[in-house]
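Residue numbering for the sequence shown is -8 to 204, as defined by this note's numbering.
All C-beta atoms, glycine included, are put in the ideal place defined by N, C-alpha and C.
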Amino acid sequence: MRIDQAMPSSSTERKLKHPFVSPMEEIRIELTRKSLHLLIAFEAILLDISIYLAIGSLIAGMIVYGTSEFLRHRGIQVPVIGPLTARAARMRDGNRFVIGPITLALGALEALILFDSLPAKIAIFALAFGDSFSSLIGKTFGRIPMPLSGGKSVEGSIFCFLAVLVSSYSLCGKLFPSVAIALATAFVEFWPTKDWDNLIIPLAAGLVASLLL
């Protein structure tokens, strides 16, 4: 979670005119982003019903979102999706295609394809809760920067570890594997990989879970 990163306002025009926003605006944007980010956890529920349903929903979501974003950049606003994308876009996204939702869906898809049911759920929960709590806590309360992390905070990394520890333990009921999964996730989340952490986090969590469970 970055503690020095300025955030945009809810529209592209305002982002271009006002590249710096208040801390409260940054927090509001991050709340919007991570509220949407947490929805990926529902893929674990869909997996209990059918892996095909879970995979199909991710592919359909990527198609719908990609189409909406393509149209948004051509001045056509798709109801609900377009305004939400503009509202949640970070300043680093500028006027470019916002790739975060695509990498988020791909991260969950990779977990579903590569891992068995339990490791896949753990990987999806690590993606949903670890990354979200790291970002929200770091943005709101982060005070101690971590070297080499690109502006992320100690507080954010601690809450990433705790969120993944709790979510993993709730699924597997084993403390040592849960600690190892949480450590691996926090380590991966530490690095400044931008939106690509959506692919790396579930891969790391799923691999450790597969080895230890």
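Quiz item: To which residues of the same chain is ALA154 closer than 7 Å at the C-beta, ignoring the five residues directly before and after it?
Solution: Only PHE120, GLY121 and PHE124 meet the Cβ criterion.
Quiz prompt | Residue burial classification, VAL55 (beta-carbon count within 10 angstroms, cutoff 16) | solution = By the neighbour-count rule (16 or more Cβ atoms within 10 Å), VAL55 is not buried but exposed.
Practice problem: Report yes or no: do the segment 30 to 37 and the segment 67 to 81 share at least 3 C-beta pairs separated by less than 8 Å? | Solution: Because the criterion of three Cβ pairs below 8 Å is not met, the segment 30 to 37 and the segment 67 to 81 do not touch.
Self-check item: Which listed residue (ILE42, GLU180 and MET53) has its alpha carbon closest to that of ALA195
Solution: Nearest C-alpha to ALA195 among ILE42, GLU180 and MET53: GLU180.
Practice problem: Using 10 angstroms around the beta-carbon of SER108, count the other beta-carbons present and answer buried if the total reaches 16, otherwise exposed. | Solution: Result: exposed.
Quiz item: Can you tell me the Cα-Cα spacing of THR23 and GLU60, whole angstroms?
Solution: C-alpha of THR23 to C-alpha of GLU60: approximately 17 Å in a straight line.
Exercise. Grab the span of the alpha helix (DSSP H) containing ARG134 for me, first residue to last.
Key: First-last for ARG134: undefined, no H or E at that position.
Quiz item: Span of the alpha helix (DSSP H) holding SER211?
Solution: Any property of residue 211 remains undetermined from this structure, which presents the chain solely from -8 to 204.
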